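**Student:** The structure under discussion is supplied below as C-alpha cells; questions concerning it will follow.
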C-alpha cells in the first residue's frame, strides 16, 4: 500500500489519508500555486506505526528514501550531499485542524559540516540562525528539552556579546551551537548529525505527537476521534529569515473577527516559521507588506482570491517570502468568530457562491450560542474604570479573578471560582487552563497568536497583545500604569472591543442580530421539530418569545413558592395540623399563583404554555437550620420542637424517589386543584379582557395509568366548575403528562389514552434509567470520564442507547393509541444539538430548552432536517 | 334470561351462575341425596341488581313468586297460607366459599299469626324459638341491629324467668317477641309481617351483603374478583331444633387438620343453623351421634362416602336431622390445613382417585409455606411454663402480646408489635384483626368454629375452645388457674398441639416432611424453571440445600462486613488517608472474607453459587451517632472532628442512586479485587482438598457495557494470577452481572456479550422503573392501595406491565447476542408464586428466593409448567 504521496499526486478530497494540510498543499500544487515541493506520509502509516508499538517499518523507510531522492530531483538540491543544500520542514497535519497541538521541525538536514557549507552559500548569521532553530525544535519535539532552556542560553550570549543573534559573528554563532550541544549532553541526548537519521527521528516524533497530552485534550474538547492519526508533511524549506527581502506571515482572506471582505493578516520581516503564530514578536499588519515587498504583496492578493474562490470559503493562508519571491505554505478554511462565520456565510449566499442550505450547514449551534453571548450592561459601562486596551481577539464579555498560570486556573475553577487567565503569551501547554477560564488576556501576540486562535475556537472571550500590561509570571503580578494587581483581583474583559475593566460588571444578552434572524428563519423553514422554551419568570418568558420560541414547553410552578411571603404560606400549609390553617394557607397561595399566572399567560399570549404542577417533595420547602426554624415557629405560633418533629417526619432517604410529583397530587388533591384554579381563573379573566391563551396542564412523575386518570379527573372537575361559574366560552386547553420514569415509557400506550400531550423529562428519566442521582454523581463521574466509561455527560447529551431507546419505545407505543398527540422533550438535553437529530428520528414534535438556547436549538433543528440524520437503529 | 334455577335444574359445573353452594345443592339433588327442596337466584341477577343501584326488577319478582309456588307444590306446604306452614332459609352463596362473610336468614315466612298456627302444629317453644331467631337474623342482616342487643333482651328474660328459653311458656315467649318488636321500633324499623315482603327484603339484603365491608376484606385477602356477585339460595326449612330427635351439625369426610381418613365432625342436638359454626355452645363430636340417632348416623356415613367419591375430594358437609330424618344442607370441598391438604392429595393419588399432576395443582404454594411453618424449639419447650391447653385448631407456632379486640390488634400491629388475639369467640367482624395477628386463641367454640376455620384458611396458628381461659372482654383480662393476664402480656401459642405457654419461645423450622418431599419431587419433574436461594450465612445455605435449592442465586457479601471486628476494619479502610492504613485494612478484610468464603463454598459444594460483590455505598458502613464516632476515633487514632468531616463528605442526597455497586468497583478497584482474591483463594484450597466448587461472580448495578468490561477484566487478571500461582487445574467459574437498572435492560444485548450470566435484581429494578424508594413509599403507598391505584405491592408481586416488560425486553435482547446464557431472578419477587408464571413465560432459567420460600417456589414452578400460563401479551 502506497504510504507516501507527493504534492502533485494528491488533492483536497484526500483529507482522511493526507490530513488537511497535506491535502491542501496537494490541491494548491495542482492549482499551479507556488508551493515548495514536498510529500506527505499518510495517516494510515501513522496509525500503523502507533498500533505496532512505535515500530518504524522497513518498507516505510525505503519509501521515504525514494521520496527524498525525488525531492532532490524536483528541487535540484541535495539533502544528503553538501552542495546546493536541500533542507526540509517536517510538519504534522491531521484531518481536522488542530492549531499548535502538533509539532513542527524546520531546517531539517543541517549538521555541523553542512551548516558551514550553507553559511558559505548564504550568510553565516542566516545559516547558523537556521541551525540553532533546528537544534532547538529538534531538542524540544524529539527529546522534550524545553524551549526555555535553549532561550536562556541564547539570552546569556546576547548579554555577553551585547548584540542580537543576527549580528553574532561566525565564532560567536558556533559558541551558541556548542552550548546547545552541551545542553543535549547534559540531558544524555544526542543531536544526530546524519540528515536521514534526523528525518526518521522527526517523522517518528510527529507520529508520536498524535498521542501527546495536549493533542488528547484538544480532541476531547472538539470531539475528534482518537483513531484518525496524523499525516506528516515533508517539504523543501524556503526561508523567510534569509534577509531583509524575506518575510513570513499569515493572512485571512476576510476579517476572522467580523467577516469583513478585506485581507486580514500579519507578517514578520526576516523571520521564520512559527514566529508569527507563537506571538514572540509583535508582527506588522499585512497592508504594510505593500510598501515593503510590493510584488510579493500583489502576488499574494491574486493567490488569496484564487484560493477563496476555489474553496468557496474564507481561507487562512501561510506564506513565506524568500528574497522577494512568494511561496504559499498552507491554506485552510480559516477559524473565525461566530459573528464572522455568520456574516461570511450570508455574504456568500448573497453573492451566489453558496446556497441557503449550504449556509445553514456552515454555522454550528455553538456559534449561534456565541452570537448571543453576554455583553456588558451598557448602563454600567459608562462609569466602569478602564484598566487597559488590547486587541479584540475573541468576542464576548466576562468578569473573573486574575490567575497567572494554567494550573491555578484549573485549581480555582475546581473551587467554583470564575477565573481569567492573564499571561504574556499562551502556549499549547496552557490549553487546559484556557478551557476553564472565563476570558484570556495576553500582553504579547497578535490577532493570530495562539491565545487568539484558540479562544476564538472555544468561543471564550480574549484580549490579546495588550502591551500596556506588564505581566510578571515569576512574581505573579500584572502592572499597568503604575498599579499592580495580584492573583484574585477582579477584572472584566470585553473581547469585542478589546477593553479590560477594573471592576466586576453585569452582563446582558444581545437580541437584535439581523443576520442571525435571517439564518434562523431559513432554519425554521427546513425544521421538522419545533422549539419551545423552559421558562417561568416574566423576563425569561419574554426572552423566549423574542428568541422565536413556538411556545413554552415547561413552566415550573414550584419556583413561584420561594418568595419570602410565599414560602411562609407554603410552610404554613405543609405544617398545618388543622383544616383551618391548611385552608388559610391554601387560599393565600391561590392569590399569589393567580397573579403569577395572569402575567405569565398574558406574556405568552396565544402560544401554548405547558404548566407543570407542583413536583418537588414537601420537605424541600422547609428550613433545616435551627435559626430559621425558630423564626418560623414564631411566625406560625408553634413550638420549634413541634416543627423540628414534623420536618423529621417528612424526611426521606431518597427524595428523588419519594413522595413528590403526582404522588402529592393524589395524597393531597387540594394543592393541584388550587394550582389549576389559579391558572384557569387567570386565563378566564384574560379571555374576558380579549386576550388569547392556551394553557397546557402537565402532571409530573406519572408511573401508572390510574394515577393519571385520578389526577386528571380531579382537575377536570375543578376546570368545569370554573367555566360554568364564569359564563365564558371555554377556550382550548390540554391536560398531559410528563414522561420521566422508565415505567411511563414502557406503558406509554396506556398513558396516551388519557393524555392530550406527552413531554419527556430527560433529567429524571436519565436519573432513573442509569440509577444516577445528579446530586451525587460528582463522586464517580470524573473518574468515569477519565477511564472513558462515559464519554459524555448523559445529563448534557442524550444517552441514545439507553434513555433514547426508552424514548423511542414510548413514542412508538403512544402513537399506537393516540396517533396525533403532541410529544415534546423538556429536559436539559432538549436544547442539545447533538441530541436533536435523535429526537427528530424518534418522532418527537418539539424540543424545549432554556430561553437562551433557543436560537441554537432552532438552527440544530434546521440542520437535523437537512441532514435527515440516520440514527443507528438499535434493535429492540 | 332465566334468573332462577330449582335445585333439580342445576349441577356442580354451574358455580359461576349458581355459586358454590347452589351448584352443589343442585348436584346433590341430582345424585338423589335428601336435600330439602329449594331454588337458587343467579349471581347475574345479583350483579344486575347492584349495578342498577339496588333496583329490584319486576321480572325477578315474578320469577321468585313462580318459584315459591313450585316449592309449595314440591313440599306440599304453604308459604303464604297459614296451614302446613312452609318456612324457608335465605342464604348467600358465591362462586368461592367465603365462610361467615355473607349473611343468612332462617325460618323466613313466620309472622305473629303464623307462629301461633306453627306452635299448634309443632310445639310453642320450638315455634317461638324459630320466630325469635328469624326476627334476630332479619334485624341483624337487613337493618344492622346488632345480635348483641337481641341477646341482651333474651338474657334479661332468662334471668327474670330463671330458665332457659326452650322452657319458656307461650306467654313468656310472646313477651320476648314483644320486646324484640320494641327494639325494632326503637330503631325506627319495621319487622314485616308479610312473608313475601320478608322474602324480597331478605333477597335484597343478601345481594347487598356482597359489598359489605367484611366481604370486601375477605376478597382482598384471597384475591377474589369483585364483580362475581353472590347467588341467593331459597330452601325449604328443616328443623334441627324441633326436639330431642333433632340435631344440626357439620362434618368433614376426613380430618381437616391431619388429613386422616376418618369422619370428623360435630353436632348440637336440638339446635338450629349457625349454632355449630358460631361456636356459641360447645358441640359434641360426630361419633356421639351413633348412640343418639343411629339411623341418621348410618345414613350420614353412606352419604359422606358417596359425596367424597363423587367429588374426588374431602367434603365439608352440613346436615340437619329433623325428628330422626337426615337432610343434607350443603357440601363443599372442605377447608383444611396445609398438612391435611398434602396428605389427602397424596392418599388420593395412592388409591388411584387422582393423578400426580392433579395432586400438584391441589396444593397451593401458600400451603407449602405453612408446611414449613415454624415450630417451637424443642430445647426450650421442656422448661416452658404451660398456661393452658385447648383444641389444636390451626397448626403453627407463634409468640406475641395479648390483645382482646380486633381494633387493638390492628393498632398494635401498625406500631410494629406482634399480637395474639384472645377472645371468647371470634365473629366475621373480627376479620381484620385476625389477619394481622400472629395467632388466635378462643375460649369457646370447636374445631369448626369461625376462629378455627378462618385461621386454617389463612395459615395462622389457632387454639380454639380453650375453656380453662376466662376471657373478660369488658375488663380486657384473661384469667387462668387464678392468674390474670392483661393486654401486652406475652404468650406463645402452639396450634399443632393446642398448648399455650406463658413465655416467649424461640421457633425453628421443620425440615423432614416426607410427603412434602414427594410432592416437590413431582413438581421438579414438571418444572421449566429452577429454584435457587438467596443466602449467605452457613445456616441459611444449609437450609437452602436441604430445601432442594438447585444452587445459590444470590450471596450478598456486604452482610459479612458487619461483625464487630470486621466493621472496624471496613471503617478503617473507608476512612484511610494514606496507602498504608488502606492496605492494612484491606489485608485484614481479605483474611475475614477468605474464611467466610471457604465455609460458604464448602457448604454449597458442587452446586453453583452466585456471589455478589460489594453493593451498598460506603457511608452505610459508617456510624452516625456521636458516641460511636468518638469510640471509632479512639480505635483508629484519629480526631473525631476528622471522622465527622469524612462522614459528611461521603453523605449522599439519594444513596439509592449514588456511589455504589460497580461504581465502587471502578473508582476503587482494590476492594473487588480483594473479594475475588478471597473467593478464589478459598476455592483453590477446597479444590486441593478434593471438594468441587462453582463460584459465579456477580457484578452489581451495571448500567453501561464499559463498566462491565472494566470490572470484568480487572477481576480476570486477579483470578488468572491466583490460578497461575497455585498450580491447580482451573475449575469452572463464571462472571456475570446483575440486571437492576432500566438501562441495563435496554442495553442487555450489549451487556450479554461480556457476561456469562444475568440475574435480575427486581427490587432495585422496581425502584428505578417506578421511581419508588422502598424506604419512602410508606408515605403514599397505603393511600395508593386504598384508592385502587396500585392493587399489589410491586415489591412483593412483579409489576408485569412495567418492570415485567423491561425484563421481557432484556431477556429477548440478551438471547440475541448470547443465546445460551443463564438468566435468573434474585429479587424479592423471585419467590412469589404469582410472578413465577410470568418469569417462565419471559424465558428466565431460574428464580432465587430466601431459603424458606424454596419449597413453595418449587411447587409454583411445577404448577407454572402445568398451567403453561398464558401471559397477556403486552405489545411492545
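Protein chains in written order, with UniProt numbering: chain Y, 1 to 876; chain C, 1 to 876. No residue lacks a Cβ here, since even glycine has one placed at the ideal position from N, Cα and C. All values reported here derive from a predicted model rather than from experimental measurement.
Assuming the contact rule is C-beta atoms closer than 8 Å, residue 459/C and residue 366/C should be a hit. Round their C-beta distance to whole Å, please.
**Tutor:** 6 Å
**Student:** Quick one: which chain Y residues come within Cβ less than 7 Å of residue 743/C?
**Tutor:** 769, 770, 802
**Student:** Leaving out the 5 sequence neighbours to the left and right, which residues in its chain are closer than 8 Å to residue 19/Y when beta-carbon positions are compared?
**Tutor:** 40, 43, 92, 93, 94, 95, 230, 231, 233
**Student:** Find the residues of chain Y that neighbour residue 670/C, judging by a C-beta separation of less than 8 Å, and give them in chain order.
**Tutor:** Those do not exist, as residue 670/C stays about 14 Å from chain Y at its closest Cβ, beyond 8 Å.
**Student:** Out of 597/C, 176/C, 599/C, which has the shortest C-alpha to C-alpha gap to residue 112/C?
**Tutor:** The option with the nearest alpha carbon to residue 112/C is 176/C.
**Student:** Going by DSSP, which residues form a beta bridge with residue 389/Y?
**Tutor:** 499/Y
**Student:** Under a CB-based cut-off of 7 Å, is residue 707/Y close to chain C?
**Tutor:** yes
**Student:** Taking three-plus beta-carbon pairs below 8 Å as touching, is the segment 662-674 of chain C in contact with the segment 623-638 of chain C?
**Tutor:** no
**Student:** Check whether the Cβ atoms of residue 610/C and residue 698/C lie closer than 7 Å to each other.
**Tutor:** yes
**Student:** On the three-state DSSP scale, how would you describe residue 1/C?
**Tutor:** coil
**Student:** Can you give the Cα-Cα distance for residue 11/C and residue 188/C, rounded to whole angstroms?
**Tutor:** When rounded, the separation of the alpha-carbon atoms in residue 11/C and residue 188/C is 43 Å.
**Student:** Under a three-way DSSP split, which group does residue 494/Y fall into?
**Tutor:** Note: residue 494/Y maps to strand in three-state DSSP.
**Student:** Kindly say whether residue 254/Y, judged by its beta-carbon, lies nearer than 7 Å to any beta-carbon of chain C.
**Tutor:** no
**Student:** What residues from chain Y crowd round residue 704/C, counting only those whose CB sits closer than 9 Å?
**Tutor:** 770, 784, 789, 790, 799, 801, 802
**Student:** Kindly indicate which residue of 252/Y, 601/Y, 867/Y has the alpha-carbon position closest to the one of residue 303/Y.
**Tutor:** For residue 303/Y, the nearest C-alpha among the options comes from 252/Y.
**Student:** With distances taken from CA atoms, which of 245/Y, 284/Y, 764/Y, 225/Y is nearest residue 16/Y?
**Tutor:** 225/Y
**Student:** Using 7 Å as the limit for Cβ to Cβ distance, is residue 873/Y near chain C?
**Tutor:** Residue placement at residue 873/Y is poorly supported in this model, since its pLDDT is 34, which falls under 50; the coordinates are not used for a value here.
**Student:** Residue 122/Y CB to nearest chain C CB: under 7 Å?
**Tutor:** no
**Student:** Is it true that the CB of residue 590/Y sits closer than 7 Å to the CB of residue 674/Y?
**Tutor:** yes
**Student:** Kindly indicate if chain C contains any beta-carbon less than 7 Å away from that of residue 805/Y.
**Tutor:** yes
**Student:** At 4 residues or longer, and completely inside the segment 338-413 of chain Y: list those alpha helix (DSSP H) runs for me, N to C.
**Tutor:** Unbroken alpha helix (DSSP H) stretches of 4 residues or longer found wholly inside the segment 338-413 of chain Y: 338-350, 356-362, 365-371, 378-381, given in chain order.
**Student:** Which partner residues of residue 422/Y appear in the DSSP bridge assignment?
**Tutor:** Paired residues: 441/Y.
**Student:** Whose C-alpha, out of 317/C, 852/C, 206/C, is nearest the C-alpha of residue 250/C?
**Tutor:** 317/C
**Student:** Within this structure, are the beta carbons of residue 105/Y and residue 138/Y separated by less than 7 Å?
**Tutor:** yes
**Student:** List the residues of chain Y that residue 655/C touches, going by C-beta distances under 9 Å, in chain order.
**Tutor:** 653, 654, 773, 776
**Student:** Indicate whether at least one CB of chain Y lies closer than 7 Å to the CB of residue 229/C.
**Tutor:** no
**Student:** So the candidates are 775/C, 431/C, 9/C, 422/C; which of them puts its Cα closest to the Cα of residue 401/C?
**Tutor:** 422/C
**Student:** CA-CA distance, residue 710/Y and residue 659/Y?
**Tutor:** 17 Å
**Student:** Using the C-alpha atoms, what's the distance from residue 805/Y back to residue 878/Y?
**Tutor:** Because chain Y here runs from 1 to 876, residue 878/Y falls outside it and cannot be looked at.
**Student:** Mind pulling the chain Y residues with CB within less than 7 Å of residue 663/C?
**Tutor:** 780
**Student:** Name, going along the chain, the residues of the segment 734-764 of chain C whose beta-carbon falls closer than 9 Å to a beta-carbon of chain Y.
**Tutor:** 740, 741, 742, 743, 744, 745, 746, 747, 749, 750, 764
**Student:** Under 7 Å between C-beta atoms, does residue 827/Y make it to chain C?
**Tutor:** no
**Student:** Which residue wins for smallest C-alpha separation from residue 434/Y, given the options 23/Y, 453/Y, 445/Y?
**Tutor:** 453/Y
**Student:** Determine, for residue 416/C, whether the minimum Cβ-Cβ distance to residues of chain Y falls below 7 Å.
**Tutor:** no
**Student:** Could you work out which residue in 762/Y, 740/Y, 331/Y is closest to residue 769/C when comparing CA atoms only?
**Tutor:** 740/Y
**Student:** In whole angstroms, what is the alpha-carbon distance linking residue 893/Y and residue 745/Y?
**Tutor:** One cannot answer for residue 893/Y here, as it falls past the ends of chain Y, which runs 1 to 876.
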